[in-house]
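Peer 1: With full-length UniProt numbering applied, the sequence shown closes on residue 127, and no number is skipped along the way.
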Amino acid sequence: MTVNINEADEYITANCIDVQDWLESDTERKKRLITVSADTLSRRYPRLTIPDNAVYEFANVLSVKFNDTYRHASNGVQSYSVTGVATFSFYPMEKDINQMVTQKVLDIISDENDVDLRLRRVGMGVR
Numbered sequence: 001m002t003v004n005i006n007e008a009d010e011y012i013t014a015n016c017i018d019v020q021d022w023l024e025s026d027t028e029r030k031k032r033l034i035t036v037s038a039d040t041l042s043r044r045y046p047r048l049t050i051p052d053n054a055v056y057e058f059a060n061v062l063s064v065k066f067n068d069t070y071r072h073a074s075n076g077v078q079s080y081s082v083t084g085v086a087t088f089s090f091y092p093m094e095k096d097i098n099q100m101v102t103q104k105v106l107d108i109i110s111d112e113n114d115v116d117l118r119l120r121r122v123g124m125g126v127r
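(1) Checking the sheet assignment: what are the DSSP bridge partners for V82?
(2) Check whether the Cβ atoms of A59 and S37 lie closer than 8 Å to each other.
(3) What is the residue span of the alpha helix (DSSP H) that R29 lies within?
(4) So T13 is in the alpha helix (DSSP H); what residue range does that whole segment cover?
(5) Going along the chain, which residues of its own chain have a beta-carbon closer than 7 Å to the beta-carbon of I12, five neighbours each way excluded?
(6) Indicate whether L33 and L62 have their beta-carbon atoms separated by less than 8 Å.
Following this line, the structure appears as structure tokens:
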């Protein structure tokens, strides 16, 4: 795994829908996002090869999850308003970074390692 910012920029611009937070990030923030992304995925799947594209995909997810607006929600702010402009309300956010891994990230890792990784959904079943 040899990740770098230029490759991340290319991958994210070509393959991700919501790229604004990533593109507006400075170089130091991008380095941190890539580092946290790579570290989280390699700790979660220590026996699997983590492709660079999975790291980039997850780094972009993190750039959205940790933007200014979401930061308010993760710190417990439920709503705020700017008089005459707008009102913002937040739903509770997941705080565990492992819960932010998307199925697309898992699919990239699955393809590289010829395994089947799925997000676990816990819910009530109907019999």
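Beta carbons are placed, not taken as given, at the ideal position from N, Cα and C, and that holds for glycine.
Peer 2: A quick look at the data gives this:
(1) A86
(2) yes
(3) T27 to R44
(4) I5 to N15
(5) V19, W22, Y56 and N60
(6) yes
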